[in-house]
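Going down the list, the protein sequences come from chains A and B.
For the first sequence, position 157 (counting from the first letter as 1) is numbered 159 according to the numbering used here, and the numbering increases by one without interruption.
For the second sequence, position 53 (counting from the first letter as 1) is numbered 55 according to the numbering used here, and the numbering increases by one without interruption.
Beneath this line is the structure, given in structure tokens, with notes to follow.
Protein chains: 2
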Amino acid sequence: LNRTGREVTYLELIEHKHVDGLIFVTNHPDDGQLARLISEAGKVVVADEDVPGANAPKLFCDNEQGGYLAGRHLAEHGHRDVLFVGNTQAMISGSHRFHGLRRALCEHWRQDIAPPNYRGSYTIDFGREAARRFIDEGMPATAIFATSDEIAIGMMEVFRAAGVAIPGDVSLVGFDDVAPFHLFATPVTAVRQPVRAIGRRSLTLLLETNWQELAAPAPQELMPVELVVRESVAPPAKR
Amino acid sequence: LNRTGREVTYLELIEHKHVDGLIFVTNHPDDGQLARLISEAGKVVVADEDVPGANAPKLFCDNEQGGYLAGRHLAEHGHRDVLFVGNTQAMISGSHRFHGLRRALCEHWRQDIAPPNYRGSYTIDFGREAARRFIDEGMPATAIFATSDEIAIGMMEVFRAAGVAIPGDVSLVGFDDVAPFHLFATPVTAVRQPVRAIGRRSLTLLLETNWQELAAPAPQELMPVELVVRESVAPPAKR
Chain A
3 LNRTGREVTY LELIEHKHVD GLIFVTNHPD DGQLARLISE AGKVVVADED
53 VPGANAPKLF CDNEQGGYLA GRHLAEHGHR DVLFVGNTQA MISGSHRFHG
103 LRRALCEHWR QDIAPPNYRG SYTIDFGREA ARRFIDEGMP ATAIFATSDE
153 IAIGMMEVFR AAGVAIPGDV SLVGFDDVAP FHLFATPVTA VRQPVRAIGR
203 RSLTLLLETN WQELAAPAPQ ELMPVELVVR ESVAPPAKR
Chain B
3 LNRTGREVTY LELIEHKHVD GLIFVTNHPD DGQLARLISE AGKVVVADED
53 VPGANAPKLF CDNEQGGYLA GRHLAEHGHR DVLFVGNTQA MISGSHRFHG
103 LRRALCEHWR QDIAPPNYRG SYTIDFGREA ARRFIDEGMP ATAIFATSDE
153 IAIGMMEVFR AAGVAIPGDV SLVGFDDVAP FHLFATPVTA VRQPVRAIGR
203 RSLTLLLETN WQELAAPAPQ ELMPVELVVR ESVAPPAKR
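Structure (structure tokens):
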């Protein structure tokens, strides 16, 4: 089964009464099929990434605020040229984190700034690829917003091998902060997702929602994020 | 539900034909109930940790060899007093990794050596607790075999805060190597589990086993491990 196929199968388990409910965490854009099935299945909480159009209680971290906190921190250290490395615009985490970054930069520098961005997936491999591209393109930014633990790890691995120093040559802010960033050679400044709180709250929503009387649209909640400042951000390197 | 209760529920799903099979990964000793249910349920592959007495195809990493590789590496660097930090003897990972370590030390030093050991669980919290105990007891070993990523991370965190240098004050070998140890301030030497290979092979066993004609005892397989040498081991610190 491909990913979507597997998700559809899980949703059918509810219809056939084999499971009591699902917390649905997807990692790819929907073609419309999932939204319809989720709305029909009921007893589904959509968490972490949105399935647009699905009528279900939804719970995300405050992606926009996370991007904003990263951008403001970088701007306050003097960065104007910040590379966004993350998921596609079709995913809310990919669009909201980007918009938050952009809003912070525009606000701080009082001008319209459109950050350059590399789009891929939340994987170590994509992080490696993005770091190689960044080097190949002559390091076209003084700072990087790497929007998942995996992306940050892949990028740091390639930078270390290539002799690109963090934060000496380029500053970096991560996102998720589930990885043990505090023990890294350069402890990584990152936006922390409240992973456990999201898990607990998703379960509570699943158990306490009155599914017979679910409003349309169903309620949506945002969990707060915080910036954990460590040592991967410094003023822009001299060129 | 407590953990065992939940596991029992999963096994009942097979009996009631709601799922086609299970790859069973437990993290606590069995009181005999799980073994009986697994044997009766059929279509279960036991992976990673044993459920003794369960008649099911089983798949583990070579825990004894992993312990041996860690012990030999430490002994070759001059360590005789090695603290084992890991799970209880009731878990095969807790007993086999310990026996492997002991075998290597006895073989190298040509005498009977019974390594001191702290027993708990594979968690960051237990790692922190073990590190504090190690310091409180006056650092009663020149090296530590921390037998999970979580334990190693918890210990390193406490050591760093307490100013205990790795490998200057104490050497450390980890186990699992799923964490990004290569990017740590002191890159961690660790026994690497073939996590993906174990996952793939478990699925293959689930799909290809002839469940009608399963032998008793069912076959058991060990997946090879390797030692990834980095920078957390040095000769014993001068006292």
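Cβ atoms here follow ideal geometry from the backbone N, Cα and C, with glycine treated the same way.
Quick caveat: nothing in here was measured; it's all calculated off a predicted structure.
- Within its own chain, the residues whose Cβ lies closer than 6 Å to the Cβ of ALA239 of chain B, once the five positions on either side in sequence are excluded, are ASP171, listed in chain order.
- Each residue's CA atom was taken as its position, placing PRO54 of chain A and ALA37 of chain A some 7 Å apart.
- CYS63 of chain B has its alpha-carbon roughly 8 Å from the corresponding atom of ILE200 of chain B.
- Its Cα nearest to that of ALA92 of chain B, the residue B:GLY34 stands out among B:ILE146, B:ARG112 and B:GLY34.
- Taken in chain order, the whole beta strand (DSSP E) runs of length 3 or more contained in the segment 68–105 of chain A are 84–89.
- Non-local beta-carbon contacts of CYS108 of chain B in its own chain, meaning distances under 8 Å to residues more than five positions away in sequence, involve ASP114 and ILE115 in chain order.
- Sorting A:VAL160, A:MET225, A:ASP127 and A:ALA217 by C-alpha distance to the C-alpha of GLY44 of chain A places A:ALA217 at the top.
- ASP83 of chain A and ALA145 of chain A have their alpha carbons spaced roughly 7 Å apart.
- For PRO196 of chain A, the closest alpha carbon among the candidates A:GLN214, A:LEU207, A:VAL230 and A:ASP138 is that of A:VAL230.
- Cβ atoms of ALA106 of chain A and ALA143 of chain A stay farther apart than 8 Å, at about 15 Å.
- Across the structure, VAL87 of chain A and LEU103 of chain A are spaced so that their CA atoms are roughly 11 Å apart.
- Under the DSSP assignment, GLU131 of chain A falls outside any beta strand (DSSP E), being part of the alpha helix (DSSP H) whose first and last residues are 126–138.
- Interface with chain B (8 Å Cβ-Cβ cutoff): LEU185 of chain A is included.
- Between the alpha carbons of GLU210 of chain A and ARG134 of chain B lies a distance of about 41 Å.
- Around the Cβ of PRO59 of chain B, a 10 Å sphere holds 16 or more other Cβ atoms; the residue is buried.
- Sequence-distant partners of PRO219 of chain A (beyond 5 residues in either direction) whose C-beta falls short of 7 Å from its own C-beta, in its chain, are ASN57.
- For a cut-off of 8 Å, the C-beta gap from ILE94 of chain B to GLU51 of chain B is around 6 Å, short enough to register as a contact.
- Among the CB atoms of chain A, one or more fall inside 8 Å of the CB of GLU159 of chain B.
- According to the DSSP assignment, ALA154 of chain B belongs to no beta strand (DSSP E) but to the alpha helix (DSSP H) extending over 151–164.
- Close to ALA199 of chain A, with beta-carbon spacing below 7 Å, lies no residue of chain B; the smallest spacing is near 17 Å.
- Secondary structure note for GLU228 of chain B: it is in no alpha helix (DSSP H), and the uninterrupted beta strand (DSSP E) holding it is 228–230.
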